[in-house]
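Only one structure is covered here, and it is reproduced in the block below.
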């Protein structure tokens, strides 16, 4: 089965391969001649390790996002649609601009000619952490495709991270990096730390050690930046920081950390929660690899029990978009089916190792691929990978290998701007840096520029700081140029004065602050629930659409919690479960089953069409057709559209519950022959008892009739710039029998709730 490496390549490896790092003979025999009685348990265990690798990546995403959106700042609403001219919304976003010379800390990519805008400290910090945040999504995809390639359906709602009410218990003042390390087990001797981290402890955390670290989703202060730095600590320093007693065998004969795989004690019914602590990202992948290497005494391989071609690739391919450029062209975002020849497993291992190398080179433990390949350095697949790795050893420890950096050309094309967009600028500026270096620089900027003795552009400040200093919302923050030209252009928009007042109302008293924080926390949890359950469906094959907009939507929901309250959203408490027999509604006053005139319950809040739970819950301005297909985007979908708050099932009804008072409909593509028309439905409960109906009023030519099919009914018209809530209210009144057929009137909608005024439009 093994294909020998050619002699020329082998001769170049002689100095690079270190025999002392090779797996020992007894351990190799345990793997290469394994008793076949372990087969079921081994399949279970490699599945658990594959899931653990996914959990490690997923763990960082809400954690980093909560810190990222705690940074004080505003961002423009919308894109080039022109729907919100001059408007700003609470929460910073990736910003195009140059880093001033006195704040360039090394490895930055600079632009020629220099970009005209000079980044503030907050914008510089945001751009760096944002680039890490995006790459963590790439890592999540790569780890998920590895699991999927091996025949396992990835889970994004693992009990190791999330409880049954979708609360993230892993952030509940824990001392754990899931599956990897308990900070309580670390040595208190600072000399065990890497020189860089030791210096930070001595300078900024006097009297503390790793044992004092806690994992909470909170603001990006210096303590949180240190936590992020340690999560991305390099592989070579991992063993040094754990107390020796936890590395020695315990009463059961097993060490708490760095246990060699495969595990003979593992049982087939075990899950990822039963795994031992690995001690480092590198050891987790080494254990993963040892299982991939298993050959049984009956001549079969563990890989014979696995392998399926279900793959996803959000970063390099967008179905239906032939102009989309691959952002990481040298990373196998999708692990395509292998050839059926006898070397297929070796070829697969090389592809899998490239993914491991991409994940760890960008962030979690540089040197992991080298370590694993040295361990198995006598095998041809490992030698082929080593021959490539050894050629790149001269690069700086914290410089990402060029082939794992995003393509500048692709980023500029996929995220256009004049002269460059904020997203492209942030990722290009920081593309050479690994995550450890970005968080190291983040910590330095926070320490140096934090405090009130700096001018606003040269000060690091969070929303918590802004609120603690007694600031209040002013209309000028939302409309810095004055005149509120967006309101003049679109009368359905609330004024900036109304929005500022709503934001102040939400934190005016202790009770309003408490209630607001609880609701916005549940909103954040709900949108993360929507995201993770959408990912479950995406990798299980139930849908082919990646919930990319939910990523941005979840950021909006986290950001508005910070901006309105100055507090981190509580991601731990979770949300109440939905009742299976209840027909929930999308927004204020639109209940189909009761006289409720308020907002829908928090358990149905979400930010993406793929995450809306069921019919009547779709509600944003990114309209979708009444049939499957299409994706979220400002251009909408072709075909007759699904009305907001009146959709027939999930995935077919837009997104965002509740509906922002500022949400407007964008324009449609010029070639959309169906135009601005929406199909209406009448509901008779949560089950499938519903029917297509005709639109009645308000319109110039009402046609009051009920029909059984969409082809026979009269659609509801709308136009670019209409308020989504207004159109949703029309749809609701028509569907719920609230139309006065004698004069063609519908009831007045309730005045916009402060929550709806504060929530940002989907952009």
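Numbering (this note's numbering), first residue to last: 130 to 892.
In this text, a Cβ means the ideal position worked out from N, Cα and C, and glycines have one as well.
Mapping DSSP to helix, strand and coil, what is residue 786?
strand
With a floor of 4 residues, list each alpha helix (DSSP H) that falls wholly inside the region 396–456, ordered by position along the chain.
410–421
Quick one: grab the DSSP three-state call for residue 499.
helix
Here's a check: name, in chain order, each residue in its chain whose Cβ is nearer than 6 Å to the Cβ of residue 685, leaving out the five neighbours to either side.
889
Report the residue from 548, 872 and 613 whose alpha carbon sits nearest the alpha carbon of residue 243.
548
One question on the structure: do residue 683 and residue 194 come within less than 9 Å of each other, judged by their Cβ atoms?
yes
Rounded distance between the beta-carbons of residue 773 and residue 806, thought under 8 Å
Not quite, the Cβ-Cβ distance comes to about 14 Å (not below 8 Å), so this is no contact.
Please state the DSSP three-state secondary structure of residue 254.
helix
Tell me whether residue 283 is buried or exposed, calling it buried when 16 or more other Cβ atoms sit within 10 Å of its Cβ.
buried
Nearest to residue 485 by CA position, among 161, 418 and 449, is which residue?
418
Since residue 569 sits in a beta bridge, which residues does DSSP pair it with?
Partner(s): none; residue 569 has no beta bridge.
Applying the criterion that 16 or more other CB atoms from any shown protein chain within 10 Å of the CB defines a buried residue, is residue 456 buried or exposed?
buried
Cβ distance (whole Å) where residue 292 is taken to contact residue 703 below 8 Å
6 Å
Count the other C-beta atoms from every protein chain shown that fall within 10 angstroms of the C-beta of residue 597, then say buried if there are 16 or more, exposed otherwise.
exposed
Indicate whether at least one CB of chain B lies closer than 9 Å to the CB of residue 511.
The displayed structure is made up of one protein chain only, and chain B is not part of it.
Judging by CA-CA distance, which residue of 844, 156, 848 and 785 is the nearest neighbour of residue 798?
848
What is the DSSP secondary structure of residue 711, reduced to helix, strand or coil?
coil
7 Å Cβ shell around residue 561 - same chain, five flanking residues per side excluded
236, 238, 528, 529 and 534
What did DSSP end up calling residue 217 once you bin it into helix, strand or coil?
strand
Can you tell me whether residue 813 is buried or exposed? The criterion is at least 16 other CB atoms within 10 Å of its CB, across all chains shown.
exposed
Output the boundary residues of the beta strand (DSSP E) element that contains residue 809.
806–812
Just the Cα atoms here: how many angstroms apart are residue 146 and residue 496?
14 Å
Validate contact between the region 244–255 and the region 209–229 using beta carbons, cut 8 Å, 3 pairs
yes
Determine the burial state of residue 874: buried for a count of at least 16 other Cβ atoms within 10 Å of its Cβ, exposed for fewer.
exposed
I need the straight-line Cα distance from residue 435 to residue 172, nearest angstrom please.
8 Å
Provide the residue span of the alpha helix (DSSP H) that contains residue 634, from first to last.
625–634
Could you give the distance in angstroms between the alpha-carbon of residue 705 and the alpha-carbon of residue 658?
12 Å
How big is the Cα-Cα spacing for residue 326 and residue 555?
25 Å
Within 10 angstroms of its Cβ, does residue 504 collect 16 or more other Cβ (buried), or is it exposed?
buried
Beta-carbon separation (whole angstroms), residue 90 vs residue 656, contact threshold 8 Å:
Residue 90 lies beyond the residue range present for the chain, which begins at 130 and ends at 892; the question has no answer from this structure.
Going by other Cβ atoms of all chains shown within 10 Å of its Cβ, with 16 needed for buried, is residue 233 buried or exposed?
exposed
Alpha carbon to alpha carbon, how far is residue 307 from residue 400? Give it in angstroms, no decimals.
14 Å
Inter-residue Cα distance where the pair is residue 356 and residue 339
9 Å
Could you give the uninterrupted runs of the beta strand (DSSP E) lying entirely in the region 151–219, keeping only those of 3 residues or more?
203–205 and 217–219
Applying the criterion that 16 or more other CB atoms from any shown protein chain within 10 Å of the CB defines a buried residue, is residue 220 buried or exposed?
buried
Candidates 272, 689 and 667: which alpha carbon is nearest residue 181's?
272
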